[in-house]
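These protein sequences, in sequence, are chains A and B. All residue numbers for the first sequence refer to our numbering, where the first residue is 4 and numbers rise by one. All residue numbers for the second sequence refer to our numbering, where the first residue is 511 and numbers rise by one. We treat Cβ as the ideally placed atom computed from N, Cα and C, and that holds for glycine. For reference, the structure discussed in these notes is given below.
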Amino acid sequence: MEVEKTFGPVDIAISGLRAQGKQMEVISSNVANARTVDAGKGEPYRRREATFTSEDELGGVKLDKIVTDMSDFLRVMDPGNPLADKAGYVAMPNVNLPVEMMNLNIATRVYQANVAVLKRYQQMVEATLELLR
Amino acid sequence: MADPNTTISGLMSSTQGLRGPGSLRPGNADAIGTSKAAASDDKKTGFADAIKDYISKVDDLQQSSDTSIQDLLSGKSEDIASVVSAAAKADMSFKLLVGVRNKLIEAYKQTMNMPL
Chain A
4 MEVEKTFGPV
14 DIAISGLRAQ
24 GKQMEVISSN
34 VANARTVDAG
44 KGEPYRRREA
54 TFTSEDELGG
64 VKLDKIVTDM
74 SDFLRVMDPG
84 NPLADKAGYV
94 AMPNVNLPVE
104 MMNLNIATRV
114 YQANVAVLKR
124 YQQMVEATLE
134 LLR
Chain B
511 MADPNTTISG
521 LMSSTQGLRG
531 PGSLRPGNAD
541 AIGTSKAAAS
551 DDKKTGFADA
561 IKDYISKVDD
571 LQQSSDTSIQ
581 DLLSGKSEDI
591 ASVVSAAAKA
601 DMSFKLLVGV
611 RNKLIEAYKQ
621 TMNMPL
C-alpha cells in the first residue's frame, strides 16, 4: 500500500473544500458590494464569478480564474443622487441578490458533500483496519 | 506497506528479532534496526525494513500535522483545510501502524504461550 495513493481521496476532498471556500469568498464580495455605486473606475461594482478546472484525469479541483460578469448594470431612478445622469438614473451593480443566495446555498451544499466524502473515506479505512483485529 | 498476509508470514521470523513489545514504537526505531542486524535471512530484514520505513513515514505525517496545527494556532497560516488534511492523513496512517503493531504483539504472545 503506497502512502500517497491511499490519501488520494483525502487530497481530492480537501481540494473541493478549498474551491468552495474560494467560491464563498467571491459570493461574499458580490453580496457586500451589491450597492457599491462607484467601484473606482467610474462605474459600479461588476459581479465576479469563480471558474474551476479539474487538476488531472482523476484529481482534485482547482480555481481557474475569477471572471467579471459583463452583463448590463441595473438602472435605478434617483434624481437626487449626485451620481445620477441627466435623465435621473443611477447605475447600480449587476449583482442579483437572489442569485447570490442560490449560489451561496450551492456552495454550502457542495462543501458539505466534500466533508461527507472525507468522513466516509476515513470510515472506510477504519473498517478495513478492523480486519486486522 | 505490507498487507496482512505478508505481515502474518513475516511475524514468525521477525518476532525473534524483537526484544519485546516495547521495542516497536515510533520513537524507538533503532530497536528494529538491531533486529535487522541480528537477522540472518532476507525475509527478516525485508519485514523489519518495511516496518521501519512505514514508521518513519508515519512519523513524518505526524510531524507535518503538528507543524500545521502550530502554524494555525500561532497565526502563521490561516488554511484550516491543510490542517484537516494533515491530521486525517496522520490519523489514518497511525491507525494502520497500531493495527500492525497489535497483530505483531499478539503473534509474539501466542508464540511465547505455546506449550512446549
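I want to see whether chain A comes within less than 8 Å of residue i, judged by CB atoms only; does it?
i        : result
Met602/B : yes
Ser595/B : yes
Lys613/B : yes
Gly560/B : According to the sequence as given, residue 560/B is Ala; it is not Gly. No, Ala560/B lies away from the interface with chain A (no Cβ there is under 8 Å from its Cβ).
Taking 7 Å as the cut-off, does the CB of residue i come closer than this to any heavy atom belonging to the ligand ZN?
i       : result
Glu52/A : For the structure depicted, the ligand ZN is absent and the ligand set is empty, with no information on it obtainable.
By a C-beta neighbour count over all protein chains shown, 10 Å radius and 16 as the cutoff for buried, is residue i buried or exposed?
i        : result
Pro101/A : exposed
Ser545/B : In this prediction, Ser545/B scores a pLDDT of 46, lower than 50, which makes its location untrustworthy; the coordinate-derived value is nonetheless stated afterwards. Ser545/B is buried by the Cβ-count criterion.
Gln23/A  : buried
Pro85/A  : exposed
Asn1/A   : Outside the modelled stretch of chain A, which goes from 4 to 136, sits residue 1/A, for which no answer is possible.
Gln580/B : exposed
Met602/B : buried
Gly63/A  : buried
Gln3/A   : Residue 3/A is absent from the model: chain A starts at 4 and stops at 136.
Ser578/B : buried
Pro625/B : exposed
Lys122/A : exposed
Would you verify that the beta carbon of residue i is, or is not, closer than 8 Å to some beta carbon of chain B?
i        : result
Val120/A : no
Gln125/A : yes
Ile109/A : no
Please compile the residues from chain A whose C-beta is within a distance smaller than 7 Å of the C-beta of residue i.
i        : result
Leu606/B : Leu132
Mind pulling the chain B residues with CB within less than 9 Å of residue i?
i        : result
Glu129/A : Met602 and Lys605
For a contact defined as C-beta to C-beta under 8 Å, what are the partners of residue i on chain A?
i        : result
Lys619/B : Residues of chain A passing the Cβ test: none, with the nearest at roughly 14 Å.
Gly609/B : Leu132, Leu135 and Arg136
List, in chain order, every chain B residue whose beta-carbon is nearer than 7 Å to that of residue i.
i       : result
Val13/A : Ser595, Ala598 and Lys599
Phe10/A : Lys599
Using alpha carbons as the reference points, say which of the options lies closest to residue i.
i        : options                                   : result
Phe10/A  : Asp41/A, Leu135/A and Val128/A            : Val128/A
Arg112/A : Gly19/A, Ala53/A and Leu132/A             : Gly19/A
Tyr124/A : Ala598/B, Gly609/B, Val608/B and Thr555/B : Ala598/B
Ala130/A : Leu606/B, Gly585/B and Gly556/B           : Leu606/B
Val70/A  : Ile15/A, Tyr48/A, Val40/A and Ala119/A    : Tyr48/A
Lys567/B : Phe604/B, Thr555/B, Gly585/B and Gly609/B : Phe604/B
Mind listing the chain B neighbours of residue i? Cutoff is C-beta to C-beta under 8 Å, in chain order.
i       : result
Ile17/A : Ala591, Ser592, Val594 and Ser595
Leu61/A : The premise fails here: Leu61/A is roughly 17 Å from chain B at the closest Cβ pair, so nothing lies under 8 Å.
Leu20/A : Ala591 and Val594
Query raised in the report: Which runs of the beta strand (DSSP E) spanning at least 3 residues fall entirely within the region 38-93 of chain A, listed in chain order?
Result: 51-57, 64-71 and 77-80
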